[in-house]
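Enquirer: After the structure tokens below, expect a handful of questions from me.
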Amino acid sequence: MKWKVALITGLLVSGGLAGCDAGLNSPLGDLNLPPAGGGSSSVEPPAIPSGSTASTPVHEPEGCTPTADQQAMLTLVNEARATARNCGDEAFGAAQPLTWNCQLADAARVHSQDMSGNNFFSHTGSDGLKVSDRVTATGYSWRAVGENIAAGYSDESQTVTALLGSPGHCANIMNPDFREFGSAVAFTDRVVYPSYWTQVFATRFPSSANR
């Protein structure tokens with residue numbers, strides 16, 4: 001079966017950019033997803049000071065431990081999912097928390113480092129690969145996969161706040177079909193944006209759910 005991925009991009013002003021990408025398989029064959037929230041949007045990222053957040057349990061095989069920054073991102077995403085909200089015109093109920101997955105984090109790291117190292121901002125990597133390709137390359141057998149990217153934000157709190165304010169990115173965060181999560185950021189002083197953030201959301205095929 002071939003996978004088709006819908007691409008949604010948005011502009012977040014004041015030095016920040018964001019884009020989202022989501023794909024799902026269809027039991028009836030190929031599926032083209034409509035844009036979640038559609039079009040482009042402009043949002044000014046508020047200056048939110050970093051603060052402590054409640055810890056979200058991480059369930060991963062032994063040897064897979066998120067960094068403190070990755071744990072902060074997971075906690076913020078799960079706090080957002082715990083509250084029903086509208087993402088543009090689309091209403092979402094509260095969703096179950098995501099669990100951390102190091103394969104998804106690896107896919108996120110590869111893309112953040114690629115964008116930073118090659119000075120570009122896109123869901124398509126410098127090698128022509130998309131999020132579905134990057135996740136598959138880690139050995140993760142996915143049934144559903146999505147990606148949010150952002151650039152120019154200074155910390156996890158600013159990044160998540162900006163993404164929640166953009167319908168397509170918000171929809172990825174709130175999507176109840178996603179079960180696992182990984183994220184990464186690459187900081188640099190050599191290119192246009194000082195930070196490149198990647199969030200990867202996915203759900204495994206049932207046969208691989210316990211791997």
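With the numbering used here, the residue at position 121 of the sequence shown is 121, and numbering never jumps. Each residue gets a CB set at the ideal place from its N, CA and C atoms; glycine is no exception.
In the DSSP assignment, what residue or residues form a beta bridge with S183?
Expert: Reading the sequence shown from its first residue, position 183 is the one you call residue 183. DSSP lists Q199 as partners of S183.
Enquirer: Taking contact to mean 3 or more Cβ pairs, one atom from each stretch, closer than 8 Å, check whether the segment 87-100 and the segment 160-180 are in contact.
Expert: Touching, yes.
Enquirer: If we count the other Cβ atoms within 10 Å of its Cβ and call it buried at 16 or more, is F201 buried or exposed?
Expert: The residue given as residue 201 occupies position 201 in the sequence shown. Looking at its Cβ environment, which holds 16 or more other Cβ atoms inside 10 Å, F201 is buried.
Enquirer: Helix, strand or coil for C64? Go by DSSP, reduced to three states.
Expert: Sequence index remark: in the sequence shown, residue 64 carries index 64 (1-based). Residue state, collapsed to three classes: coil.
Enquirer: For G146, count neighbouring C-beta atoms within 10 Å of its own C-beta (all shown protein chains included) and say buried if the count is 16 or more, exposed if not.
Expert: One-based indexing of the sequence shown puts residue 146 at position 146. The residue is buried, with at least 16 neighbouring Cβ atoms inside 10 Å.
Enquirer: Should P176 go down as buried or exposed, given a rule of 16 or more other Cβ atoms within 10 Å for buried?
Expert: Position 176 of the sequence shown, counted from the start, is the residue given in the question as residue 176. With fewer than 16 other Cβ atoms within 10 Å, it is exposed.
Enquirer: First and last residue of the beta strand (DSSP E) that includes V145?
Expert: For the purposes of this step, residue 145 is taken as residue 145 along the sequence shown, with counting starting at 1. Taken as a continuous stretch (DSSP letters only), the beta strand (DSSP E) holding V145 covers W142 to A151.
Enquirer: I'd like to confirm the pairing. Which residues does DSSP put opposite C87 in its beta bridges?
Expert: Walking along the sequence shown from the start, residue 87 turns up at place 87. Its beta-bridge partners are E90.
Enquirer: Helix, strand or coil: how does DSSP classify T159 here?
Expert: Numbered from 1 along the sequence shown, position 159 holds the residue referred to as residue 159. If DSSP states are grouped into helix, strand and coil, T159 belongs with the helices.
Enquirer: Is it true that the CB of S132 sits closer than 8 Å to the CB of F205?
Expert: In the sequence shown, counting from the first residue as 1, residue 205 sits at position 205. In the sequence shown, counting from the first residue as 1, residue 132 sits at position 132. Taking 8 Å as the Cβ cut-off, F205 and S132 do not qualify as a contacting pair.
Enquirer: Within 10 Å of its beta-carbon, does E62 have 16 or more other beta-carbons around it, so buried, or fewer, so exposed?
Expert: Reading the sequence shown from its first residue, position 62 is the one you call residue 62. Caution is warranted here: a pLDDT of 46 is assigned to E62, below 50, making its placement in the model unreliable, and the coordinate value is therefore given only provisionally. Label assigned to E62: exposed.
Enquirer: For a quick check, are the C-beta atoms of D69 and E156 less than 8 Å apart?
Expert: Along the sequence shown, read from residue 1 onward, the residue named residue 69 stands at position 69. Along the sequence shown, read from residue 1 onward, the residue named residue 156 stands at position 156. Result yes, Cβ atoms of D69 and E156 sit closer than 8 Å.
Enquirer: Have a look at T203, K130 and W197 and flag the residue whose alpha-carbon is nearest the alpha-carbon of A151.
Expert: In the sequence shown, the residue the question calls residue 151 occupies position 151. Out of T203, K130 and W197, W197 has the C-alpha closest to the C-alpha of A151.
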